[in-house]
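Participant: Numbering (UniProt numbering), first residue to last: 1 to 124.
Each residue gets a CB set at the ideal place from its N, CA and C atoms; glycine is no exception.
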Amino acid sequence: MTTIDEASAWAESYKNAWISNDADDVAALFTDDALYEFRPGDDTPWRGREEIVAGWLEEQDSPEVWKFDYEVRGVLDDGTAVIQGVTEYLDDRPTFENLWLVRLVDGKAAAFTEWFMVRKGTEK
Numbered sequence: 001m002t003t004i005d006e007a008s009a010w011a012e013s014y015k016n017a018w019i020s021n022d023a024d025d026v027a028a029l030f031t032d033d034a035l036y037e038f039r040p041g042d043d044t045p046w047r048g049r050e051e052i053v054a055g056w057l058e059e060q061d062s063p064e065v066w067k068f069d070y071e072v073r074g075v076l077d078d079g080t081a082v083i084q085g086v087t088e089y090l091d092d093r094p095t096f097e098n099l100w101l102v103r104l105v106d107g108k109a110a111a112f113t114e115w116f117m118v119r120k121g122t123e124k
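Now the structure itself:
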């Protein structure tokens with residue numbers, strides 16, 4: 001069963017991978033058969049660790065242009081972590097509110113689903 005501490009460690013590793021944009025750091029976050037959805041029921045999710053790493057590196061953000069804070073809000077009965085975050089871009093992009101559902105298996109994400117929306121008043 002996933003704990004708050006495990007979910008926090010995973011989220012911190014995610015943030016560190018976002019900073020490094022290193023393929024090994026990204027790969028370490030996910031199971032071999034993980035699913036990465038940018039929205040619930042995503043028509044084109046990334047499937048499997050290799051596709052997740054390739055997609056991540058293709059769409060990477062430079063760590064100098066963003067700040068990210070998060071809080072683990074809880075863990076559901078099935079071990080899915082609920083993580084709320086805020087992504088503040090320091091360039092011309094708006095600030096985003098994020099909600100992630102992350103099903104962890106042995107400390108790695110087997111499923112990642114994101115909801116995101118522009119924070120009111122930060123539209124650019």
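Helix, strand or coil for LYS15, going by three-state DSSP, please let me know.
Facilitator: Taking the sequence shown and counting its residues from 1, one reaches residue 15 at position 15. It is helical.
Participant: With a floor of 3 residues, list each beta strand (DSSP E) that falls wholly inside the UniProt domain "SnoaL-like" (14 to 110), ordered by position along the chain.
Facilitator: 30 to 37, 66 to 75, 80 to 89 and 96 to 105
Participant: When the Cα atoms are used, what is the spatial distance from LEU99 to GLY48?
Facilitator: The residue given as residue 99 occupies position 99 in the sequence shown. The residue given as residue 48 occupies position 48 in the sequence shown. Roughly 21 Å separates the two Cα atoms.
Participant: Apart from the five residues on each side of it in sequence, which residues of its chain come closer than 6 Å, Cβ to Cβ, to LYS67?
Facilitator: In the sequence shown, residue 67 corresponds to position 67, counting from 1. Excluding positions up to five away in sequence, the list reads GLU88.
Participant: Does the structure place the segment 108 to 118 close enough to the segment 31 to 48 that three or more beta carbon pairs sit under 8 Å?
Facilitator: yes
Participant: Have a look at GLU12 and GLY85 and give me their C-alpha separation to the nearest angstrom.
Facilitator: One-based indexing of the sequence shown puts residue 12 at position 12. One-based indexing of the sequence shown puts residue 85 at position 85. Taking the straight line from one Cα to the other gives about 12 Å.
Participant: Around the Cβ of ILE4, are there at least 16 other Cβ atoms within 10 angstroms (buried) or fewer (exposed)?
Facilitator: Along the sequence shown, read from residue 1 onward, the residue named residue 4 stands at position 4. By the 10 Å Cβ count, ILE4 comes out exposed.
Participant: What would DSSP say about GLU114, mapped onto helix, strand or coil?
Facilitator: Numbered from its first residue, the sequence shown carries residue 114 at position 114. Correct three-state label for GLU114: strand.
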